[in-house]
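Numbering (this note's numbering), first residue to last: 27 to 234. The beta-carbon is built from N, C-alpha and C at its ideal position, and this holds for glycine as well. For reference, the structure is listed below as structure tokens.
Following this line, the structure appears as structure tokens:
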């Protein structure tokens, strides 16, 4: 796997992934698992955030520590990306959240943007794209292009499961964007779904 692709080997991530893949998992549990896995993957994706020294007063005296000095923004891709927001926001409670809506044409499998409202200039240093599934890579490519055009210089893709071909496509187009995932499957079917995957993440999140 390419050096910019990081697949979590954490036992808790892999345990929760097995439950998410299981077709017997109901929407309530699926949402809980998505939130938990998103937080665990984001924990790994933020390991290289820059920090600066800080001095704080404790009940017993003064201590020195570190505080994150980079501004981070979250960009979930609608609609499935919504299921990841809470888990990542728990780690980064001050991070602003901007939404990008993508719709995939079932015939061509091409992604089109139907919603994007971003400030005039990016008020952050790093953006985390949140999308649980990276299948063909079309939505991720468009999201990265949108953020780069906006002026963001550091972008990371934080997902749950991906198809190998979608990963390769994103890496080739944007070698400066690292990917953080829980699993990579080898196949896509003719409809563009990851095999064996976990089904349609949006449908399973929202019970539709």
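>> Less than 8 Å between C-beta atoms, sequence neighbours within five positions excluded: which residues of the same chain meet that for residue 78?
In response: In the chain shown, counting from the first residue as 1, residue 78 sits at position 52. Same-chain partners within the cutoff: 92, 93, 95.
> Taking the alpha-carbon positions, what's the residue 191 to residue 74 distance?
Replying inline: The residue given as residue 191 occupies position 165 in the chain shown. The residue given as residue 74 occupies position 48 in the chain shown. If you take the alpha carbons of residue 191 and residue 74, they lie about 27 Å apart.
> What does a CB cutoff of less than 8 Å around residue 39 pick up in its chain, not counting 5 residues either side in sequence?
Replying inline: What you label residue 39 is simply residue 13 of the chain shown in a count that begins at 1. Result list for residue 39: 63, 66, 67, 208, in chain order.
> Out of curiosity, what's the CA-to-CA distance linking residue 212 and residue 138?
Replying inline: Locating residue 212 in the chain shown gives position 186, where the first residue counts as 1. Locating residue 138 in the chain shown gives position 112, where the first residue counts as 1. In this structure, the straight-line span from the alpha carbon of residue 212 to that of residue 138 is close to 25 Å.
> When you compare each of 140, 90, 148, 120 to residue 178 by their alpha carbons, which one comes out closest?
Replying inline: On the chain shown, position 152 is the one that residue 178 refers to. Taking only the C-alpha atoms, the option nearest residue 178 is 148.
>> Threshold first: 4 residues or longer. Then list the alpha helix (DSSP H) segments lying entirely within the stretch 151-219, N to C.
In response: 164-176, 190-199
> Where do the ends of the beta strand (DSSP E) carrying residue 49 lie?
Replying inline: Here residue 49 is taken as the residue at index 23 of the chain shown, counted from 1. Looking at the DSSP string, residue 49 is not in any beta strand (DSSP E), and its letter there is neither H nor E.
> Which partner residues does residue 114 have in the DSSP bridge list?
Replying inline: Walking along the chain shown from the start, residue 114 turns up at place 88. Looking at the DSSP assignment, residue 114 forms no beta bridge with any residue, so it has no partner.
>> I'd like to know whether the C-beta atoms of residue 154 and residue 193 end up nearer to each other than 8 Å.
In response: One-based indexing of the chain shown puts residue 154 at position 128. One-based indexing of the chain shown puts residue 193 at position 167. The beta carbons of residue 154 and residue 193 sit no closer together than 8 Å.
> Going by the beta-carbon positions, is the gap between residue 161 and residue 224 smaller than 8 Å?
Replying inline: For the purposes of this step, residue 161 is identified with residue 135 of the chain shown, where counting begins at 1. For the purposes of this step, residue 224 is identified with residue 198 of the chain shown, where counting begins at 1. Taking 8 Å as the Cβ cut-off, residue 161 and residue 224 do not qualify as a contacting pair.
> Just reading off the beta strand (DSSP E) that residue 138 is part of, what are its end residues?
Replying inline: On the chain shown, position 112 is the one that residue 138 refers to. Start and end: 137-142.
>> Given this structure, state the Cα-to-Cα distance separating residue 114 from residue 88, to the nearest angstrom.
In response: The count along the chain shown starts at 1 and reaches residue 114 at position 88. The count along the chain shown starts at 1 and reaches residue 88 at position 62. C-alpha separation (whole angstroms): 31 Å.
> Using CA coordinates, which residue listed in 234, 72, 197, 186 is at the minimum distance from residue 220?
Replying inline: Counting from one through the chain shown, the residue named residue 220 turns up at place 194. When only C-alpha atoms are compared, the closest one is 186.
> Helix, strand or coil: how does DSSP classify residue 36 here?
Replying inline: Locating residue 36 in the chain shown gives position 10, counting from the first residue. Here residue 36 carries a coil assignment [DSSP, helix/strand/coil].
>> Taking the beta carbon of residue 120 as the centre, do at least 16 other beta carbons fall within 10 Å, making it buried, or is it exposed?
In response: Counting from 1 along the chain shown, the entry for residue 120 is found at position 94. Within a 10 Å sphere around the beta-carbon of residue 120 sit fewer than 16 other beta-carbons, which makes this residue exposed.
>> What does the alpha-carbon distance come out to for the pair residue 109 and residue 231?
In response: The residue labelled residue 109 in the question sits at position 83 within the chain shown. The residue labelled residue 231 in the question sits at position 205 within the chain shown. Roughly 7 Å separates the two Cα atoms.
> Is the distance from the Cβ of residue 152 to the Cβ of residue 182 below 8 Å?
Replying inline: Your numbering for residue 152 matches position 126 in the chain shown. Your numbering for residue 182 matches position 156 in the chain shown. Yes; because the gap between Cβ atoms is below 8 Å, this pair is in contact.
> Cα-Cα, which of 126, 33, 54 is closest to residue 69?
Replying inline: As a first step, residue 69 must be located in the chain shown, where it is residue number 43. Here the closest residue by C-alpha is 33.
>> Quick check on residue 230: does DSSP put it in helix, strand or coil?
In response: Locating residue 230 in the chain shown gives position 204, where the first residue counts as 1. It is helical.
>> Does residue 200 pass the burial test, meaning 16 or more other C-beta atoms within 10 Å, or should it be called exposed?
In response: On the chain shown, position 174 is the one that residue 200 refers to. Classification for residue 200: buried.
>> Using only the alpha-carbon positions, how far apart do residue 54 and residue 83 sit?
In response: Along the chain shown, read from residue 1 onward, the residue named residue 54 stands at position 28. Along the chain shown, read from residue 1 onward, the residue named residue 83 stands at position 57. Distance between the alpha carbons of residue 54 and residue 83 is about 42 Å.
> Between the beta-carbon of residue 227 and the beta-carbon of residue 128, is there less than 8 Å?
Replying inline: Counted from its first residue, the chain shown places residue 227 at position 201. Counted from its first residue, the chain shown places residue 128 at position 102. It is not a contact, given that the beta carbons lie outside the stated cut-off.
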